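Some notes on the structure that comes next.
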Amino acid sequence: MRVLGIETSCDETGVAVYDTEQGLLSQALFSQIDMHAVYGGVVPELASRDHVRRLLPLLRQVLSDAGIGARELDGVAYTAGPGLAGALLVGAGVARALAYGWGVPALPVHHMEGHLLAPLLEDDAPDFPFVALLVSGGHSLLLEARALGEYVPLGESVDDAAGEAFDKAAKMMGLGYPGGPAISRLAEQGRAGRFRFPRPMTDRPGLDMSFSGLKTFTLNTIHDLGGATVLDDQDRADVALAFQEAVVDTLVIKCRRAMQATGAKRLVVAGGVSANGMLRERLAQAMGKLGVKVYYPGLAYCTDNGAMIAYAGALRLAAGERQEGLGVSVRPRWP
Ligand code: KG4
Ligand code: ZN
Numbered sequence: 294m295r296v297l298g299i300e301t302s303c304d305e306t307g308v309a310v311y312d313t314e315q316g317l318l319s320q321a322l323f324s325q326i327d328m329h330a331v332y333g334g335v336v337p338e339l340a341s342r343d344h345v346r347r348l349l350p351l352l353r354q355v356l357s358d359a360g361i362g363a364r365e366l367d368g369v370a371y372t373a374g375p376g377l378a379g380a381l382l383v384g385a386g387v388a389r390a391l392a393y394g395w396g397v398p399a400l401p402v403h404h405m406e407g408h409l410l411a412p413l414l415e416d417d418a419p420d421f422p423f424v425a426l427l428v429s430g431g432h433s434l435l436l437e438a439r440a441l442g443e444y445v446p447l448g449e450s451v452d453d454a455a456g457e458a459f460d461k462a463a464k465m466m467g468l469g470y471p472g473g474p475a476i477s478r479l480a481e482q483g484r485a486g487r488f489r490f491p492r493p494m495t496d497r498p499g500l501d502m503s504f505s506g507l508k509t510f511t512l513n514t515i516h517d518l519g520g521a522t523v524l525d526d527q528d529r530a531d532v533a534l535a536f537q538e539a540v541v542d543t544l545v546i547k548c549r550r551a552m553q554a555t556g557a558k559r560l561v562v563a564g565g566v567s568a569n570g571m572l573r574e575r576l577a578q579a580m581g582k583l584g585v586k587v588y589y590p591g592l593a594y595c596t597d598n599g600a601m602i603a604y605a606g607a608l609r610l611a612a613g614e615r616q617e618g619l620g621v622s623v624r625p626r627w628p
């Protein structure tokens with residue numbers, strides 16, 4: 294089975310074709326980061342308009358790279374939510390129309406299921422069941438994946454997502470958008486031990502997380518140093534390191550607890566923050582001690598992409614699912 298996947302939930306237009314026998318046939322991505330960077334974050338209306346501009350050219354490219362015609366597709370998967378309403382509607386409208394025109398099923402995919410399944414695109418893919426830590430710009434959650442579509446929530450952020458905290462802290466330090474890669478690069482020059490940030494919600498049992506306090510802590514730290522405008526490069530690097538260590542340690546502590554609570558031996562880590570080098574290092578140490586194997590998507594598939602949506606759609610199509618009716622609807626909030 295061959296499925297086209299379309300991702301337009303936020304600021305990347307992603308398109309890909311996945312074949313259940315041959316794997317990923319082709320994929321293309323256009324990132325709007327440069328366009329939004331000047332505003333310090335994603336501007337929803339600009340995002341929607343750019344998806345309109347990019348989607349069809351990317352689609353043509355992906356079909357041509359895969360060397361297949363539109364008639365050789367068995368389904369069209371698209372991100373139906375969660376995400377920005379206008380941005381989602383672009384992908385949903387195009388996907389629904391193409392599926393109708395080609396006479397194949399349309400497959401609405403939950404964006405976070407796309408992230409969750411992205412590590413299964415790798416050669417060394419985890420088998421179900423596994424525990425997953427999903428950390429992106431919009432979500433931070435821990436869940437137990439028992440089988441395709443059988444996901445038991447274990448914990449989530451009660452406020453900001455981990456990636457969102459990176460983005461906001463970076464903005465306070467005058468770094469560019471997105472903040473995760475900027476902070477992680479800067480932290481390499483940081484001196485350990487100058488600041489000690491809290492590890493939120495780790496002093497009590499449970500798998501929920503909270504990252505908004507770290508934002509305030511960052512703001513206060515910058516304030517104590519005299520304000521963002523007087524920070525020198527070393528100050529910024531030291532704050533970046535202390536902030537990153539706090540987020541990473543918190544995530545590692547929660548993962549350790551989740552593995553102990555479930556007894557699972559496989560941990561999947563996905564979503565934009567899973568690209569973070571320090572997170573990968575510290576998880577390797579902590580999980581190694583527990584005999585837990587950690588799985589990541591390839592670096593290109595940590596952040597948003599069409600491949601993960603094509604893949605999730607293909608698995609759902611193979612399981613007999615399809616969208617009924619011709620309505621185009623999206624779920625900007627989708628638990
Ligand atoms: O999964 P993603 O592309 O989009 C959402 O679904 O939100 O994740 C984007 C988030 C941003 O908040 C970005 O700052 C963060 O992932 N991110 C990182 C890194 N690369 C991206 N955070 C920490 N370290 C990184 N290397
Ligand atoms: Zn995402």
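Take 294 as the starting number for the sequence shown in the numbering used here and just add one per residue.
Just so it is clear, CB atoms sit at the ideal spot from N, CA and C, and this is done for glycine as well.
A quick note: this is a predicted structure, and the numbers were derived from the prediction, not measured.
Spatial distance of residue i from residue j (CA atoms)
{"i": "residue 376", "j": "residue 303", "result": "6 Å"}
{"i": "residue 390", "j": "residue 588", "result": "36 Å"}
{"i": "residue 406", "j": "residue 416", "result": "19 Å"}
{"i": "residue 601", "j": "residue 497", "result": "35 Å"}
{"i": "residue 618", "j": "residue 541", "result": "44 Å"}
{"i": "residue 524", "j": "residue 452", "result": "28 Å"}
{"i": "residue 514", "j": "residue 460", "result": "17 Å"}
{"i": "residue 382", "j": "residue 521", "result": "38 Å"}
{"i": "residue 373", "j": "residue 421", "result": "24 Å"}
{"i": "residue 327", "j": "residue 556", "result": "43 Å"}
{"i": "residue 630", "j": "residue 570", "result": "Any question about residue 630 goes unanswered here, given that the chain covers just 294 to 628."}
{"i": "residue 431", "j": "residue 457", "result": "7 Å"}
{"i": "residue 476", "j": "residue 393", "result": "44 Å"}
{"i": "residue 401", "j": "residue 608", "result": "12 Å"}
{"i": "residue 553", "j": "residue 572", "result": "19 Å"}
{"i": "residue 499", "j": "residue 354", "result": "47 Å"}
Bridge partners - residue i, DSSP secondary structure assignment
{"i": "residue 559", "result": "586"}
{"i": "residue 482", "result": "Its beta-bridge partners do not exist; DSSP assigns none."}
{"i": "residue 427", "result": "434, 563"}
{"i": "residue 371", "result": "299, 401"}
{"i": "residue 312", "result": "295, 316"}
{"i": "residue 444", "result": "438"}
{"i": "residue 450", "result": "502"}
Option in the options with minimal Cα separation from residue i
{"i": "residue 349", "options": "338, 363, 544", "result": "363"}
{"i": "residue 345", "options": "320, 607, 326, 301", "result": "301"}
{"i": "residue 294", "options": "406, 417, 318, 581", "result": "318"}
{"i": "residue 495", "options": "357, 506, 321, 370", "result": "506"}
{"i": "residue 488", "options": "511, 314, 468, 479", "result": "511"}
{"i": "residue 408", "options": "584, 562, 620", "result": "562"}
{"i": "residue 455", "options": "492, 337, 527, 379", "result": "492"}
Buried/exposed call for residue i, threshold 16 Cβ in 10 Å
{"i": "residue 504", "result": "buried"}
{"i": "residue 433", "result": "buried"}
{"i": "residue 534", "result": "buried"}
{"i": "residue 325", "result": "buried"}
{"i": "residue 470", "result": "buried"}
{"i": "residue 612", "result": "exposed"}
{"i": "residue 307", "result": "buried"}
Min CB distance residue i to chain D below 9 Å
{"i": "residue 467", "result": "The displayed structure is made up of one protein chain only, and chain D is not part of it."}
Item to check | the segment 420–430 contacting the segment 559–568, beta-carbon criterion three pairs below 8 Å | outcome: yes
Next on the checklist: Across the segment 574–587 and the segment 358–373, are there enough close Cβ pairs to call them in contact, namely three or more that are closer than 8 Å?
Outcome noted: no
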